[in-house]
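In my numbering, the protein residues as written are 145 to 569. No residue lacks a Cβ here, since even glycine has one placed at the ideal position from N, Cα and C. Please read all numbers here as calculations on a predicted model, not as lab measurements.
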Amino acid sequence: MNLIKELNWRGMLQDIMPGTEDQLNKEMTTAYVGFDPTADSLHIGSLVPILLLVHLQKAGHKPIALVGGATGMVGDPSGKSEERNMLSEEELNKNIIGVRSQLEKFLNFDASLPNAAELTNNYDWFKGISFLDFIRDAGKHITVNYMMAKDSVKKRLEGDSGMSFTEFTYQLVQGYDFYWLYKNKNCKLQMGGSDQWGNIVTGTELIRRKTGGEAFAFTCPLIKKADGGKFGKTEKGNIWLDANKTTPYQFYQFWLNASDSDAATWIKIFTFLQETEINSLIANHDANPADRILQKKLAEELTRFVHGDAELEKAKETTEKLFSNAKASVDSLSVEDLESIEGIVKTNYSADKINAGVDILSFLAENSIFESKGAARKMLQNGGVSINREKITDLQMMVEKNNLLHNKFILIQVGKKNNFLITVA
RNA sequence: GGGCAGUUACCAGAGUGGCCAAAUGGGGCGGACUGUAAAUCCGCUGUCUUUCGACUUCGGUGGUUCGAAUCCACCACUGCCCA
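If you want it as structure tokens, here you go:
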């Protein structure tokens, strides 16, 4: 199956420029995706563009991952209703390093391959270009009328927050990237999220006008939740690919919590499973949705892809301990079980205080489970806190020695899904 | 440089002298129901606090007043229009 057909059945194609498929069938094609260094780690929103590159490489083409050191300084207005904050240079550099190291895990950079992946940073070429050079070499070829017709620009002009010249220029800067890669690396294809379509087309246009050459593009749909909510956000913020920011257990849980309809869409997009296997998984899932076959498979495949087998196993173990017997008494958890739980928030607490007895509110606040006693009280009153799997409603409760599991642990749940393990020593 | 409009909590957006910690909607969190789902219903959503209460908020600073998100002055920022 060729790349385009593959991406198409997976639901990963949104717009495609005519001739792209022919180009890919004709020869090994170099293609790129740009990543914004807005943080020092990528989050799962970047996973789809990464997967585009992986699929591309699997199909025998050459992927380039571009880290936007220069474009990050400008700020992409696409999808933003307001001017973005600018990042300082140190921040940007730190972020670029973080993002690079993550991309390296997903693509094959083995230089002996004809289609070895490459990493570039557009700051490398932009730093040598003066403003005057740029407006003569790039700006001359694109009319303002053309740039204003772009959706990302139009929306901002119609809105009431305006748009700075800097942001307006963004599409031209990104367009120049494509031109530069086309000229210097024979890169003929750009991919990205569908919000990038306008920027990408500016690039192909610039290439056509400056060189007379032809360049191609396609985009993938932006991932949304079926209920319209933002993808990849939880109460704790983004789901990051960095295990230090989002533990593999939390990562696994995120996918496990997908709704049925999302799971069916996402499993095609985020895993490399074949069509027949996916169809049978969906059929099995529909037969008995409560088993959440799709969610489990999705979570498993992705956690392995991002964090590896060992971390996946630990994430599954922790999930097993915390959820599979959620209604059983805590006694079913052995010392070993508790000691080996990974990925949830753990804190230590002084044994002396427990021996003396602590009131529940202070206890919860002192362990940073809540920011203050007031917050803890509200949650308690709402029935949202369990200690050792027993719902606590008594605000006066004292936490004492007999609350310890195996003489050293206290398991706290806030809501159904937030677990905290406190070790008392 | 000139004219006009605006700046309220996470977002949108009411409030034009006391009953305002500030309507309403969205979002978020928690609960019930479930399948760690969806939909629905209920509660919470400025901070701290032994539910009393205290403190800090309506762009900023100063003023009028017993009392200001609300009135006045100046400043800052944003948008639109004119030059």
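Handout entry: Delimiting residues of the beta strand (DSSP E) encompassing residue 335
Key = The residue you call residue 335 lines up with position 191 of the first sequence. 331-337 is the extent of the beta strand (DSSP E) around residue 335.
Practice task
Kindly confirm or deny that the stretch 208-216 and the stretch 240-252 touch, where touching means at least three C-beta pairs closer than 8 Å.
Solution key: yes
Problem - Contacting residues, own chain, Cβ-Cβ under 7 Å from residue 198 (five flanking each side not counted) - result: One-based indexing of the first sequence puts residue 198 at position 54. Correct list, in chain order: 250 and 251.
Exercise for the section: Answer yes if the stretch 380-389 comes into contact with the stretch 406-423, meaning at least three C-beta pairs across the two stretches below 8 Å, and no otherwise. Expected result: Result no; under three Cβ-Cβ pairs closer than 8 Å.
Practice task
Measure the C-alpha to C-alpha separation of residue 356 and residue 409 and round it to an integer number of angstroms.
Solution key: Looking up residue 356 in the first sequence gives position 212. Looking up residue 409 in the first sequence gives position 265. The straight-line gap from Cα to Cα measures roughly 40 Å.
Handout entry: Coil, strand or helix - residue 567 by DSSP
Key = Against the first sequence, residue 567 aligns to sequence position 423. Three-state DSSP puts residue 567 in a strand.
Exercise for the section: For residue 515, I'd like the list of residues in its chain whose CB is within less than 8 Å of its CB, leaving aside the five on either flank, ordered along the chain. Expected result: Here the question's residue 515 lines up with position 371 in the first sequence. If we look at residue 515 and ignore the five residues flanking it on each side, its Cβ neighbours are 509.
Handout entry: Terminal residues of the beta strand (DSSP E) in which residue 181 lies
Key = Taking the first sequence and counting its residues from 1, one reaches residue 181 at position 37. Where residue 181 is concerned, there is no enclosing beta strand (DSSP E), given that its DSSP letter is neither H nor E.
Handout entry: Separation of residue 367 from residue 275, as counted between CA atoms
Key = Numbered from 1 along the first sequence, position 131 holds the residue referred to as residue 275. Numbered from 1 along the first sequence, position 223 holds the residue referred to as residue 367. Cα-Cα distance, rounded: 36 Å.
Practice task
Would you kindly report the start and end of the unbroken beta strand (DSSP E) that includes residue 483?
Solution key: Along the first sequence, one-based indexing puts residue 483 at 339. For residue 483, no beta strand (DSSP E) encloses it; the enclosing alpha helix (DSSP H) starts and ends at 479-483.
Exercise for the section: Excluding the 5 residues preceding and the 5 following residue 220 in the sequence, name in chain order all residues of the same chain whose CB lies nearer than 6 Å to its CB. Expected result: Here residue 220 refers to the residue found at position 76 when the first sequence is read from its first residue. So the list reads 314, once near-sequence residues are dropped.
Practice task
Select from 158, 190, 424 and 448 the residue whose C-alpha is nearest the C-alpha of residue 438.
Solution key: Looking up residue 438 in the first sequence gives position 294. If we check each option's Cα against that of residue 438, 424 comes out closest.
Exercise for the section: Name the two residues that bound the continuous beta strand (DSSP E) containing residue 262. Expected result: One-based indexing of the first sequence puts residue 262 at position 118. Looking at the DSSP string, the run of the beta strand (DSSP E) that includes residue 262 is 262-265.
Exercise for the section: Below 8 Å on the Cβ atoms is my guess for residue 205 versus residue 383; work out the distance and round it to an integer in Å. Expected result: On the first sequence, position 61 is the one that residue 205 refers to. On the first sequence, position 239 is the one that residue 383 refers to. Residue 205 to residue 383, Cβ: 29 Å. No contact.
Problem - When 158, 358, 248 and 440 are compared against residue 397, the one with the closest alpha-carbon - result: Taking the first sequence and counting its residues from 1, the one referred to as residue 397 is at position 253. The option with the nearest alpha carbon to residue 397 is 440.
Handout entry: Same chain only: Cβ atoms within 6 Å of residue 583, ignoring 5 sequence neighbours per side
Key = The structure shown does not extend to residue 583, since the chain is modelled only from 145 to 569, so the question has no answer here.
Practice task
Compute the beta-carbon to beta-carbon distance between residue 491 and residue 512, rounded to the nearest angstrom, for a pair I have assumed lies under 8 Å.
Solution key: Sequence index remark: in the first sequence, residue 491 carries index 347 (1-based). Sequence index remark: in the first sequence, residue 512 carries index 368 (1-based). For a cut-off of 8 Å, the C-beta gap from residue 491 to residue 512 is around 7 Å, short enough to register as a contact.
Practice task
Excluding the 5 residues preceding and the 5 following residue 324 in the sequence, name in chain order all residues of the same chain whose CB lies nearer than 6 Å to its CB.
Solution key: Against the first sequence, residue 324 aligns to sequence position 180. Residues 269 of the same chain have their beta carbon placed closer than 6 Å to that of residue 324, with the five preceding and five following residues left out of the count.
Exercise for the section: Report buried or exposed for residue 306, applying the criterion of at least 16 other Cβ atoms within 10 angstroms of its Cβ. Expected result: Reading the first sequence from its first residue, position 162 is the one you call residue 306. With fewer than 16 other Cβ atoms within 10 Å, it is exposed.
Practice task
Assign residue 304 to one of three DSSP states: helix, strand, or coil.
Solution key: By 1-based counting over the first sequence, the position of residue 304 is 160. Note: residue 304 maps to coil in three-state DSSP.
Practice task
Would you check if the stretch 151-167 and the stretch 350-365 touch, i.e. whether three or more CB-CB distances between them fall below 8 Å?
Solution key: The stretch 350-365, when compared against the stretch 151-167, does touch it at the 8 Å Cβ threshold.
Exercise for the section: Look at the Cβ atom of residue 177, then the Cβ atom of residue 335, and state whether they are nearer than 9 Å. Expected result: For this step, residue 177 is matched to residue 33 along the first sequence. For this step, residue 335 is matched to residue 191 along the first sequence. Contact: yes.
Problem - Enclosing alpha helix (DSSP H) for residue 531 [first to last residue] - result: Position 387 of the first sequence, counted from the start, is the residue given in the question as residue 531. Where residue 531 is concerned, there is no enclosing alpha helix (DSSP H), although the beta strand (DSSP E) it sits in stretches over 529-531.
Problem - Cβ distance (whole Å) where residue 333 is taken to contact residue 183 below 8 Å - result: Here residue 333 refers to the residue found at position 189 of the first sequence. Here residue 183 refers to the residue found at position 39 of the first sequence. Actually they are not in contact, since the Cβ atoms of residue 333 and residue 183 sit about 27 Å apart, beyond 8 Å.
Exercise for the section: Identify, in the order they occur along the chain, each residue of the same chain with its Cβ nearer than 7 Å to the Cβ of residue 181, setting aside the five sequence neighbours on each side. Expected result: Start at 1 with the first residue of the first sequence, and residue 181 comes out as number 37. Beyond the five residues adjoining it in sequence on each side, residue 181 comes within less than 7 Å, by CB distance, of 211, 212, 213, 216, 236, 239, 240 and 243 in the same chain, given in chain order.
Problem - residue 542 versus 564, 467, 502 and 154, residue with shortest Cα-Cα distance - result: By one-based count along the first sequence, residue 542 stands at place 398. Checked all of 564, 467, 502 and 154; the closest Cα to residue 542 is 502.
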